[in-house]
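S.K.: For reference, the structure I am asking about is given below.
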Amino acid sequence: MSSLLIRNARIASENETTLRDGDVLVVDGVIRSIGTALTAPEGAKVIDARSRLLMPAMFDAHVHFREPGQEAKETIATGAEAAINGGITGIVMMPNTSPAIDSPAVVKQVLESAAKHSRIPIYTSGCVTKGRHGKELAAIDGMRALGVKMLTDDGDTTGDPAVLYRAMQYATEFGMFFASHCEVPELAGPRALNEGVVSYRLGIKGTPACAEEIIIDRDIRLAHAAGAHIHIQHVSSKVGMETIRWWKQRGDVRVTAEVAPHHLLFTEEDIGDYDTHYKMNPPLRTKADTEALLQGLIEGVFDLIATDHAPHTPFEKSQDFVSAPNGITGLETALVSLYHYFVATGKFGWDLVVKRYSAEPRRMMGLDPVPVEEGKPADFILFDPEAETTFTTDFMKSKGRNTPFLDKTLKGRVDLVVLGKEVLLER
Amino acid sequence: MPRKDLLDIASLEREEIDHLLDQAVPFKELFTRSVKKVPALKGKSVLTLFYEPSTRTHSSFEVAAKRLSADVTNFDVGNSSIVKGESIRETVETLQAMRTDFIVVRHSRSGLPGAIAKMTRASVINAGDGAHAHPTQALLDAFTIREKFPDPTGKRVLIIGDILHSRVARSTSTILKKLGLEVAYLGPGSLVPKVGPENTQRFTNYDEAMKWKPDIVYLLRVQMERQDVQFFPSLREYHKLYGVTDERLRHIAGEGLYLMHPGPVNRGVELCDAVMDYERSLINDQVENGIAVRMAVLYWLKPDSQD
Chain A
0 MSSLLIRNAR IASENETTLR DGDVLVVDGV IRSIGTALTA PEGAKVIDAR SRLLMPAMFD
60 AHVHFREPGQ EAKETIATGA EAAINGGITG IVMMPNTSPA IDSPAVVKQV LESAAKHSRI
120 PIYTSGCVTK GRHGKELAAI DGMRALGVKM LTDDGDTTGD PAVLYRAMQY ATEFGMFFAS
180 HCEVPELAGP RALNEGVVSY RLGIKGTPAC AEEIIIDRDI RLAHAAGAHI HIQHVSSKVG
240 METIRWWKQR GDVRVTAEVA PHHLLFTEED IGDYDTHYKM NPPLRTKADT EALLQGLIEG
300 VFDLIATDHA PHTPFEKSQD FVSAPNGITG LETALVSLYH YFVATGKFGW DLVVKRYSAE
360 PRRMMGLDPV PVEEGKPADF ILFDPEAETT FTTDFMKSKG RNTPFLDKTL KGRVDLVVLG
420 KEVLLER
Chain B
0 MPRKDLLDIA SLEREEIDHL LDQAVPFKEL FTRSVKKVPA LKGKSVLTLF YEPSTRTHSS
60 FEVAAKRLSA DVTNFDVGNS SIVKGESIRE TVETLQAMRT DFIVVRHSRS GLPGAIAKMT
120 RASVINAGDG AHAHPTQALL DAFTIREKFP DPTGKRVLII GDILHSRVAR STSTILKKLG
180 LEVAYLGPGS LVPKVGPENT QRFTNYDEAM KWKPDIVYLL RVQMERQDVQ FFPSLREYHK
240 LYGVTDERLR HIAGEGLYLM HPGPVNRGVE LCDAVMDYER SLINDQVENG IAVRMAVLYW
300 LKPDSQD
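Residue numbers (numbering that gives the first Met the number 0), protein chains in the order written: chain A, 0 to 426; chain B, 0 to 306.
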């Protein structure tokens with residue numbers, strides 16, 4: 000495809016609350032012009048958008064692709080296709096693979112597999128400590144040389160604050176930043192479940208929200224002292240959000256934070272009778288928490304939305320609640336669910352979605368955002384707000400079927416994904 | 000309508016509870032006859048799967064099944080391939096292939112019996128899962144209380160001990176509240192959750208709790224084995240603050256209160272020796288009634304067709 004003309008689109012951007020009507024002409028992977036009644040060049044592919052939304056493709060800064068080591072759950076190939084299916088053209092892998100991504104050798108293995116099997120760019124984080132054990136520092140500069148920017152022991156907190164503090168002092172000099180999964184292990188239950196009404200009813204030891212809030216505060220304090228950039232992952236509690244807001248208001252530490260769609264949408268009550276499709280870490284908490292998190296997203300306390308896409312095999316999730324692993328998938332459901340529950344109901348606009356799920360995650364990773372503007376690379380999607388998506392196993396490209404949306408129908412559908420010269424998806 | 004499984008008390012309707020308690024009465028009457036057996040479940044098979052040690056619950060189920068003429072097999076978990084790493088699913092599939100009609104399961108993991116119930120056509124009876132539920136204990140407790148108070152509405156039951164880790168506290172308080180009784184919890188602040196229990200008074204001081212004027216004092220076994228961190232400083236301190244000491248027993252006797260305990264008891268911890276001889280202790284009634292209500296449960300449940 001040398002050129003592509005999309006007519007009659009409504010274009011969304013991170014800076015405008017209103018949508019702009021127009022045609023978009025792409026030539027050789029670059030947005031050549033935006034206007035009305037553009038003429039299609041000879042041989043151009045022409046798509047009538049019929050007033051569907053055209054917006055920058057999403058970018059997910061928190062996913063688990065399970066390669067190497069747990070390919071029954073997901074591979075880079077299936078994970079990347081799941082991302083495309085959800086309107087996402089870039090992701091950051093977490094390093095809790097097996098072996099963990101804690102050395103240049105494993106980073107190289109991941110990036111080589113990505114180059115071979117993925118149609119979208121794959122970025123990977125690296126461990127703070129070897130094997131994510133929280134003891135010895137990982138090969139930080141060796142990973143940086145291969146493009147790693149984010150250091151995290153995600154899945155666990157880096158337990159020893161002295162280790163994390165030294166790592167921050169060391170790696171900040173190389174322009175790297177830290178992402179924290181926040182949880183005091185001694186306060187955590189054996190499995191992810193909020194301490195409260197539901198943990199009592201189900202008879203499983205719960206994890207109090209303070210287990211997360213303590214480390215949110217600890218890690219920001221460490222970054223404050225070390226002059227590091229700290230990114231707080233998947234915040235699940237009201238006080239956690241307020242802690243980040245307090246530090247941001249001080250303005251003397253570089254702190255960013257993310258919220259996951261499931262923490263905005265669901266509460267512990269949804270677990271019902273031990274439904275493992277609502278089991279993830281940090282756990283679902285209360286209605287007061289989801290309301291505060293939504294407020295935090297609207298206010299800008301959360302810089303980005305990220306899914307924590309965590310595929311597991313159907314067998315693993317069919318076990319009893321305590322035995323089943325933590326995590327749900329998210330790449331294929333995120334955008335549609337954000338539209339269905341929030342944009343369509345007027346809680347926030349498309350500008351927020353573009354800013355928090357496309358532009359800001361790219362900026363955090365040191366990448367340029369991909370606005371739909373003349374001269375910018377083509378990296379966008381078409382979204383039909385009038386259509387519906389049913390999340391059947393046939394629809395989903397991820398190996399994981401562990402989502403609360405399994406076989407559910409929501410408003411909205413990703414119809415087209417364009418990256419450079421390629422049409423990655425067309426429905 | 001009979002159910003396939005008995006997993007907890009919360010999902011039972013009031014009518015179902017009444018039915019089971021009524022059904023247990025004629026079964027209990029059998030015990031005084033010279034032939035204690037009826038052919039109700041002749042040809043049916045009951046398999047017990049106990050992953051946690053148990054004396055009275057296990058033997059109670061076994062006696063109940065045998066008095067209904069069912070064939071009972073004890074799946075010896077210690078010697079099975081479960082210790083070789085076989086998953087629960089594989090074990091259940093094996094039992095399914097054996098066409099077992101009833102599986103009685105006890106496990107330390109909350110929710111496991113429910114997961115098993117979804118994997119098998121057999122009726123699954125939860126004989127205690129983690130801190131979640133112990134429905135047959137709740138039924139026998141309700142039966143025992145109804146023998147003393149034919150209309151128990153408004154009677155007050157004070158449950159003392161480790162509420163946080165107790166499946167008995169959860170299931171028994173649920174059934175009592177469904178039957179119209181009032182329930183209060185007493186124990187150390189670290190073991191009586193502030194969030195979770197509904198419609199239940201919470202006490203952490205023995206004398207304050209007694210001012211609530213209970214009709215029945217229900218003692219729980221203090222389970223040191225379920226505590227991953229210390230919840231109170233010592234058993235001695237627990238006994239001093241919450242145990243039924245000789246002095247407290249005199250007060251309980253003076254008020255004419257009934258005493259219950261799911262067993263096995265820790266003498267010198269939640270109660271003193273003299274409690275075992277207390278005339279209003281219902282501990283032995285509970286054991287006997289346990290067989291009757293378990294017969295009622297086995298008689299009531301209907302496995303899915305094995306064809």
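A virtual CB, placed ideally from N, CA and C, is assigned to each residue, including glycine.
#1: Mind listing the chain A neighbours of S317/B? Cutoff is C-beta to C-beta under 9 Å, in chain order.
#2: Report, in whole angstroms, the separation of the C-beta atoms of P302/B and K3/B, which I expect to be a contact under 8 Å.
#3: Quick one: is S233/B buried, meaning 16 or more other Cβ sit within 10 Å of its Cβ, or exposed?
#4: Tell me where the alpha helix (DSSP H) around R143/A begins and ends.
#5: Let me know the beta strand (DSSP E) ranges lying completely inside the stretch 34 to 67 of chain A, each 3 residues or longer, listed in chain order.
#6: Going along chain B, which residues have a C-beta under 8 Å from V183/A?
#7: Pull up the DSSP beta-bridge partners for Y122/A, would you.
#8: According to a CB-to-CB cut-off of less than 9 Å, which residues of the stretch 148 to 168 of chain A neighbour chain B?
#9: What's the C-alpha gap between T306/A and H233/A?
#10: Per DSSP, what kind of secondary structure is E335/B in: helix, strand or coil?
#11: Checking contacts by CB at 7 Å: is G250/A closer than that to chain B?
#12: Would you report the Cα separation of K115/A and G146/A, rounded to the nearest angstrom?
#13: Which residue from G179/B, Y205/B and S122/B puts its Cα closest to that of N198/B?
#14: For the stretch 24 to 49 of chain B, which residues have a beta carbon sitting closer than 8 Å to at least one beta carbon of chain A?
#15: Have a look at E315/A, L264/A and I297/A and flag the residue whose alpha-carbon is nearest the alpha-carbon of T275/A.
#16: Give, in chain order, every residue of the stretch 299 to 327 of chain A whose Cβ lies closer than 8 Å to some Cβ of chain B.
#17: What did DSSP end up calling M149/A once you bin it into helix, strand or coil?
#18: Checking the sheet assignment: what are the DSSP bridge partners for V216/B?
#19: Please report how far the alpha carbon of H230/A lies from the alpha carbon of P120/A, in whole angstroms.
#20: Shortest alpha-carbon distance to T289/A belongs to which of F382/A, A187/A and A208/A?
#21: Would you call the CB atoms of A56/A and I380/A closer than 7 Å?
#22: Using a Cβ-Cβ cutoff of 9 Å, what residues of the stretch 189 to 207 of chain B are near chain A? List them in chain order.
#23: Using 7 Å as the threshold, is the C-beta distance between V123/B and G160/B below it?
#24: Considering only the beta carbon of each residue, do A170/A and L150/A sit closer than 7 Å?
#25: On the DSSP bridge assignment, give the partners of P187/B in chain order.
#26: Buried or exposed: where does N283/B fall if 16 or more other Cβ atoms within 10 Å of its Cβ makes it buried?
#27: If you run the structure through DSSP and keep just helix, strand and coil, what is S170/B?
#28: Residues of chain A with CB under 9 Å from A126/B, in chain order?
#29: Contact criterion: CB-CB distance below 7 Å. Does L300/B meet it with respect to chain A?
#30: So, helix, strand or coil for R244/A, using DSSP?
#31: Of the residues T171/B, P196/B, G153/B and R235/B, which one's Cα is nearest the Cα of W211/B?
#32: With 7 Å set as the bound, which would you pick, yes or no: does the beta-carbon of L175/B sit closer than that to a beta-carbon of chain A?
#33: Examine the Cβ distances between the stretch 297 to 312 of chain A and the stretch 370 to 389 of chain A and report whether three or more of them are shorter than 8 Å.
#34: Compare the C-beta of Y52/A with all C-beta atoms of chain B and state if any pair is closer than 7 Å.
#35: Just grab the DSSP bridge partners of V23/A for me.
#36: Anyone know if the C-beta pair for G411/A and H131/B falls short of 7 Å?
M.R.: Taking the structure as given:
#1: A query on residue 317/B cannot be resolved here, the shown segment of chain B reaching from 0 to 306 and no further.
#2: That belief holds up - the Cβ atoms of P302/B and K3/B are roughly 6 Å apart, short of 8 Å.
#3: Burial call: exposed.
#4: I139 to R143 is the extent of the alpha helix (DSSP H) around R143/A.
#5: Complete beta strand (DSSP E) runs here, min 3: 44 to 47, 52 to 55 and 57 to 62.
#6: What V183/A touches in chain B: nothing, since even the nearest Cβ is about 13 Å away.
#7: Note: Y122/A is bridge-paired with V91/A in the DSSP secondary-structure output.
#8: If the cut-off is 9 Å between Cβ atoms, the stretch 148 to 168 of chain A has nothing near chain B.
#9: Cα to Cα, T306/A sits roughly 8 Å from H233/A.
#10: The structure shown has nothing for residue 335/B, since chain B only spans 0 to 306.
#11: At a cut-off of 7 Å between C-beta atoms, G250/A does not count as an interface residue with respect to chain B.
#12: Near 17 Å, if we compare the C-alpha coordinates of G146/A and K115/A.
#13: Measuring from the Cα of N198/B, the nearest candidate turns out to be G179/B.
#14: Cβ contacts with chain A come from no residue of the stretch 24 to 49 of chain B.
#15: Closest in alpha carbon position to T275/A, among E315/A, L264/A and I297/A, is E315/A.
#16: Residues passing the 8 Å Cβ filter: F314, S317, Q318, D319, F320, V321 and S322.
#17: If DSSP states are grouped into helix, strand and coil, M149/A belongs with the strands.
#18: For V216/B, which the question treats as bridged, DSSP gives the partners L157/B and L258/B.
#19: Using only the alpha carbons, I get a separation of about 21 Å.
#20: Ranking the options by Cα distance to T289/A, first place goes to A208/A.
#21: Yes, the Cβ-Cβ distance between A56/A and I380/A is below 7 Å.
#22: So the close ones are P192, V194, G195, P196 and E197.
#23: Contact: no.
#24: When the beta-carbon positions are compared, A170/A and L150/A come within less than 7 Å of each other.
#25: According to the DSSP secondary-structure assignment, P187/B is paired through a beta bridge with no residue.
#26: Per the 10 Å Cβ criterion, exposed.
#27: For S170/B, the three-state secondary structure derived from DSSP is helix.
#28: Neighbours of A126/B on chain A: none; closest Cβ ~14 Å, over 9 Å.
#29: L300/B does not count as touching chain A.
#30: In the structure shown, R244/A sits in a helix (DSSP, three-state: H, G or I).
#31: Each of T171/B, P196/B, G153/B and R235/B was checked against the Cα of W211/B, and the nearest Cα belongs to G153/B.
#32: Not a single CB atom of chain A sits nearer than 7 Å to the CB of L175/B.
#33: With a cut-off of 8 Å, the stretch 370 to 389 of chain A and the stretch 297 to 312 of chain A do not count as touching, because too few Cβ pairs lie within range.
#34: Checking the sequence, you will find Leu at residue 52/A rather than Tyr. With its beta carbon at least 7 Å from every one in chain B, L52/A lies outside the interface.
#35: According to DSSP, which records beta bridges pairwise, V23/A is partnered with I5/A and I33/A.
#36: Cβ atoms of G411/A and H131/B: not closer than 7 Å.
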